[in-house]
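S.K.:
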Amino acid sequence: MNERWLVEDLILVGLLKVVQQGATLLGSAKIDAAEHLQTATRELIDQAPPNARPKILRRVRSTARRCVSPCVTKETPIATLGLATFHLLQHLVDEGYVSVGTSSPLSAALDIILPALEPAANDEEQMAVSRTTAIGIFDNLHKEGLFRDVVPLG
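892 is the number of the first residue of the sequence shown in my numbering; add one for each residue after it.
(1) Would T971 pass as a contact of L906 if the rule is Cβ separation under 8 angstroms?
(2) Can you grab the Cα-Cα spacing for the pair A924 / I1003, in whole Å?
(3) Which residues mark the beginning and the end of the alpha helix (DSSP H) in which M1018 is found?
(4) Express the C-alpha separation of I922 and H1033 in angstroms, rounding to a whole number.
(5) State yes or no: is the C-beta of L974 within less than 8 angstroms of the C-beta of M1018?
(6) Under 8 angstroms, with one C-beta from each stretch per pair, do the region 1006 to 1020 and the region 959 to 970 reach the 3-pair mark?
(7) Just how far apart, CA to CA, sit L897 and E1016?
(8) Report the residue from H982, A931, T993 whose alpha carbon sits nearest the alpha carbon of I1026.
(9) In chain order, what residues of the same chain have a beta carbon less than 8 angstroms from the beta carbon of G992, not counting five sequence neighbours either side?
(10) Would DSSP call R1039 helix, strand or coil?
(11) With the cut-off set at 8 angstroms, would you say C962 and T1024 are in Cβ contact?
(12) Compute the distance between the beta-carbons of P996 and H927, then report whether it is under 8 angstroms.
(13) Relative to the alpha-carbon of Y988, which residue among L1008, L1044, T930, V910 has its alpha-carbon at the smallest distance?
See the structure below:
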């Protein structure tokens, strides 16, 4: 896996980490989701040579700041970011760019996080706002040269 693909995947996992931290998850679900996302992160970063890992993680953080922060404020409901992440991930899966294995740590985390977003998903206005947010994030990532082989989310 090349560096760009690692950065792309790590940004997606990072978005889910933010959602997991802010979502209302019951019982041990929050901890379980965090552990699955940590495992997904570790599996991705372990694909890079050890000396390249710090650079990749710095690139992920700086890219996320430039691409996600303009679309999400502190007032943005976590459900909006969660649904935006879902829209983005679904688009990447539909385009055949990303695959979420059924027994992968990412899949296990999604199985925990997505049900917590269901009430917001039933709100048409919130779905529209989250889709607009997803489009903004995708466009910013695309301008950075990420997901370059994927048609725009629209």
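C-beta: ideal position from N, C-alpha, C; glycine also.
M.R.: Reading it off the structure:
(1) Cβ atoms of T971 and L906: not closer than 8 angstroms.
(2) When rounded, the distance between both Cα atoms is 6 angstroms.
(3) 1015 to 1034 is the extent of the alpha helix (DSSP H) around M1018.
(4) Looking at the two C-alpha atoms, the distance is approximately 32 angstroms.
(5) Contact flag set, yes.
(6) Three or more pairs of CB atoms, one per stretch, sit closer than 8 angstroms, so the region 1006 to 1020 contacts the region 959 to 970.
(7) Going from the Cα of L897 to the Cα of E1016 covers about 33 angstroms.
(8) For the residues H982, A931, T993, the minimum Cα distance to I1026 belongs to H982.
(9) Closer than 8 angstroms at the Cβ level, and outside the excluded window around G992, lie S998.
(10) Correct three-state label for R1039: coil.
(11) Yes, Cβ-Cβ distance for C962 and T1024 is below 8 angstroms.
(12) Cβ distance < 8 angstroms, so P996 and H927 count as in contact.
(13) If we check each option's Cα against that of Y988, L1044 comes out closest.
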